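Encoded as structure tokens, the structure appears first; notes follow it.
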Amino acid sequence: MLYAEIIIDISAEELDKAFTYAVPEELWDKLYPGVRVNVPFGNGGRKRKGVVIALSTRSGLADDKIKYIDSLIEGAPDIEQELIRLADYMSKEYGCTMNQALMTVLPVKAKVRKNSRRKDAVETIRGIAGDGSECVSGALTEEPEEKAFLNADQLKAVEEIRTENTRPSLLYGITGSGKTRVYIELIRGMQKAGKQSIVLIPEISLTFQTVTELARYFGDKVAVMHSKLSAGERYDQFQKAVNGEIDVMVGPRSALFTPFKELGLIIIDEEHERTYQSETSPRYDTRAVARKRADMCGAKLVLGSATPSLESYTKALKGEYALHKLLSRAHKGAELPKISVVDMRTELAQGNRSIFSETLHEKISERLDRGEQIMLFINRRGYAGFVSCRSCGHVIKCPHCDVSMTAHNNWYVDPRTGRKEAALLSCHYCGYTRPMPKICPECKSSYIAPFGTGTQKLEQAVRNTFPDARVLRMDADTTTSKNAYERILSDFKAHKADILIGTQMIVKGHDFENVTLVGIVAADLSLNTSEYDASERSYQLITQAAGRSGRGERTGEVVIQSYDPSHYAISCAAGRDYESFYEREMSYRRLLNYPPETFMLFVRLRSEDEQTLEAAAKKAAAAAEAYEPEGAEVIGPCNEAIYKIKDNYRKIIYIKNKRHDIITKIREDIMSHAEPDASAPARVYINFDIR
Ligand code: ADP
Ligand code: ZN
Ligand code: ZN
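Numbering (the working numbering), first residue to last: 32 to 722.
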């Protein structure tokens, strides 16, 4: 017997109401998720139209209660069917329910829609640009200049991508090589052929330049989706696609599900970015789902990056992807910046205890004298890493999480005394705050103080060292208010400040013509994390940060400060040697059997009760160990690097296997084994990532 789960009159509000029908034998090989059928519905058995979302050989209902599907609705597959099939793929691939997958792929119609402000691309871009950036709004009304639109390298890439008819394309182009114009040319070709394109970006505000340029070339034929849109506004954007009002959709990963009828091209810009990995269920990898969608409708998939992920570059080298390279800067006269690496250990040995090496100090002064701009990058926010006692070593920790609290230079009013206190400690994981203690709670000494470096400390140091410089700081703390991000960037662009200090937020997205110096203050910070891909992240960050310098007529310079300058992530980034970096990093991954050399399943478990968690983690590990004869390697369970967050204990299990199907099976087994007993005092939450 075969049963079908059917949704009547599919619309987001009805997605959780699927009905079970029996499938008549003559339809057994004709049904799959997305197919439309006629079914008898309700007491009168009136005929209604429904959509099949899943098939199964079990029903969970008594057979005499189940009605039969009436008939198949013939007709060409439509966009809805395509998206439902995509949801089906996602639910199997990522182990989520069909309902979760459908909610992700189908346009969600909000129940009550207040007269939502309709934003077109131009307005959105203006909103992003803020007020200070006339050049941007000016550019929007200009006619696109046709002259020398593409240089020889760009033309070659376009031609190659166009003639490549089955494989996805990886466009490896250094920062400033003009990948955006390649995208534009490809989209224009699609437009001429009556087809639509989707351009995925990590986040609008981080890829400002790309979005502006697309908006400029495609005018009212492009819609921009950003993460701040309400459900209603998103629905409106999707309706424009359904109605054929637009040819291009630009947005973060959810824009992948734009219901274009004749989708011809999907572009994933900055494909190496982590934001393409969804962090809520379904925890999908945008690149994989995009590939599936492209396959389903015969669209072309293009992945672009200046620092391709190891995974994608490996696929390109194996011939699974076509590889296209842009290895020089596109802007006429824009030379690549000169990069120097400073060994901070030598500086210290020579008695320099400041944040700035002599080289960086000198170069900053030079730029300030010449009226040029500087960007200083540090990979950590806050004033200091942690607060500790220099007498006994005690570290102030968050009572709800297993992390040290971070000092901020903010003022704070003590609710009991009503007095202003000088400093506040906060937990970056749960937001808990407390005043900075004046004496050590352990040994009562007064030698308790913030340690380490961060953006605030760097700002302080800059203000002390260069008192006349105008300084802006951009990190998660200064950008909490709406539009703060845009305001800081447009102020800097309008030269209302000389120095911009920031975290990875500032490393991409903008073309600042007047920036001629980029300082990477502590390049090692991202290397010293416990992640297997720490080197890859560091290489990407350094390369992106360096790419900010010398985007205009003047040649730029980059100074990288490091305590470990011979580390290949730093030396290869400084030498702009992606290939060498790739080789070194891949030999490390091969040696230790890490992705992309193997598939790796991350099983993360959390619970408020430690014993319950421990038992569940053991069960999960045992389920995985059953696959050791199939070559599965199981590591753990071990405590997460931060064992407790928001009063939840956390454990992790890593499972490696060369075969994707085995990894998927293990995940399914863990899901069905790890349920705690009904008597357990707390729930256990599990999530999975496959890399
Ligand atoms: P990427 O995304 O590869 O880092 P962009 O697409 O931002 O690079 O391009 C960098 C700069 O070069 C932009 O200011 C762009 O307008 C300019 N540019 C791109 N292609 C050309 C070209 N063929 N001729 C002149 N300038 C170009
Ligand atoms: Zn102490
Ligand atoms: Zn906390």
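Ideal Cβ placement from N, Cα and C applies to all residues, glycine included.
A quick note: this is a predicted structure, and the numbers were derived from the prediction, not measured.
May I ask you to report which of helix, strand or coil DSSP gives T155?
In this prediction, T155 scores a pLDDT of 46, lower than 50, which makes its location untrustworthy; no coordinate-derived value is stated.
Sufficient close CB pairs (3 or more, under 8 Å) joining the region 265-285 to the region 191-210:
Flag = no, the region 265-285 and the region 191-210 do not touch.
Just to confirm, are C474 and C429 a CB contact at a threshold of 9 Å?
The answer is no: Cβ separation not under 9 Å.
A553 (DSSP reduced to helix, strand or coil):
Residue state, collapsed to three classes: coil.
Tell me which residues pass a beta-carbon proximity test against ligand 3: closer than 6 Å to any heavy atom, given in chain order.
Residues flagged by the Cβ proximity filter: C429, H431, C432, C458, Y460, C461, Y463.
For E671, which three-state DSSP category applies?
Secondary structure of E671 (DSSP, three-state): strand.
Whose C-alpha, out of L92, R698, A577, is nearest the C-alpha of F50?
The closest CA to that of F50, considering only L92, R698, A577, is found on L92.
Burial state of I686, where buried means 16 or more other Cβ atoms lie within 10 Å
With 16 or more other Cβ atoms within 10 Å, it is buried.
Hey, would you say D278 sits closer than 9 Å to M327, going by beta carbons?
M327 sits away from D278, with the two beta carbons spaced by 9 Å or more.
Please confirm whether L201 and G335 have their CB atoms less than 9 Å apart.
Contact flag set, yes.
Simplified DSSP assignment, three categories, for P313
P313 falls in the coil class under three-state DSSP.
Rank L354, D94, H691, N679 by C-alpha distance to the C-alpha of E195 and give the top, closest one.
Of the listed residues, the one whose Cα sits closest to E195 is L354.
Using 8 Å for Cβ pairs, my map puts K323 next to G295. What's the rounded Cβ distance?
K323 to G295, Cβ: 16 Å. No contact.
Since N679 is in the beta strand (DSSP E), which residue starts that stretch and which ends it?
Residues 679-688.
Closer than 8 Å to a non-hydrogen atom of ligand 1 - does that hold for the CB of I205?
Yes, the Cβ of I205 comes within 8 Å of a heavy atom of ligand 1.
How is V189 classed by DSSP in three states: helix, strand or coil?
Correct three-state label for V189: helix.
Return yes when at least one heavy atom of ligand 1 lies under 8 Å from the C-beta of G587, else no.
Incorrect: G587 has no Cβ contact closer than 8 Å to ligand 1.
To the nearest angstrom, how far is the alpha carbon of Q491 from that of Y344?
Near 41 Å, if we compare the C-alpha coordinates of Y344 and Q491.
At the level of alpha carbons, what is the spacing between L341 and I192?
Taking the straight line from one Cα to the other gives about 21 Å.
In the DSSP assignment, the alpha helix (DSSP H) including H392 goes from what residue to what residue?
Going by DSSP, H392 is part of the alpha helix (DSSP H) stretching over 389-401.
Report yes or no: is there a C-beta of chain C within less than 9 Å of the C-beta of L623?
Here chain C cannot be found, since the structure has a single protein chain.
Rounded straight-line distance, which links the Cα of L133 to that of A118
Taken atom to atom, the span from the alpha-carbon of A118 to that of L133 is near 6 Å.
Can you find a heavy atom of ligand 1 that lies under 8 Å from the Cβ of Q185?
Under cutoff, so the answer is yes.
Length of the line joining the Cα atoms of V549 and Y516
Near 19 Å, if we compare the C-alpha coordinates of Y516 and V549.
When you compare only the Cα positions, how much space is there between K61 and A85?
So the two alpha carbons sit approximately 13 Å from each other.
Rounded to the nearest angstrom, what separates F633 and A35 at their Cα positions?
Those two C-alpha atoms are separated by around 32 Å.
Using only the heavy atoms of ligand 1, determine whether one of them is closer than 8 Å to the beta carbon of V545.
The sequence as given places Asn at residue 545; Val does not occur at that position. Result no, Cβ not under 8 Å from ligand 1.
Could you give the distance in angstroms between the alpha-carbon of F727 and the alpha-carbon of V320?
The requested residue 727 does not occur in the structure, where the chain is confined to residues 32 to 722.
Which whole runs of the beta strand (DSSP E) in the region 235-262 are 3 residues long or more, in chain order?
Unbroken beta strand (DSSP E) runs of no fewer than 3 residues, entirely contained in the region 235-262, are found at 253-255, following chain order.
Evaluate C603 with the Cβ neighbour count: other Cβ atoms within 10 Å of its Cβ, from every protein chain shown; 16 or more gives buried, anything less gives exposed.
C603 comes out buried.
Need the endpoints of the beta strand (DSSP E) that Y34 sits in, please.
It spans 34-39 - the beta strand (DSSP E) in which Y34 sits, taken as one unbroken run.
Check whether the region 640-647 and the region 369-381 are in contact - that is, three or more C-beta pairs closer than 8 Å.
Contact annotation: the region 640-647 does not touch the region 369-381, with fewer than three C-beta pairs closer than 8 Å.
So does S208 have its beta carbon nearer than 8 Å to some heavy atom of ligand 1?
Judged by the Cβ position, S208 qualifies as a neighbour of ligand 1 at the 8 Å threshold, a heavy atom of the ligand being closer than this.
In chain order, which alpha helix (DSSP H) runs of at least 4 residues are fully inside the region 275-338?
Runs of the alpha helix (DSSP H) inside the region 275-338: 317-328.
Going by other Cβ atoms of all chains shown within 10 Å of its Cβ, with 16 needed for buried, is E165 buried or exposed?
For E165, the pLDDT reaches just 30, beneath the cut-off of 50, and the residue's location in the model is therefore unreliable, leaving the point undetermined.
Quick check: what's the CA-CA separation for R501 versus S703?
Spanning the two alpha carbons is a distance of roughly 59 Å.
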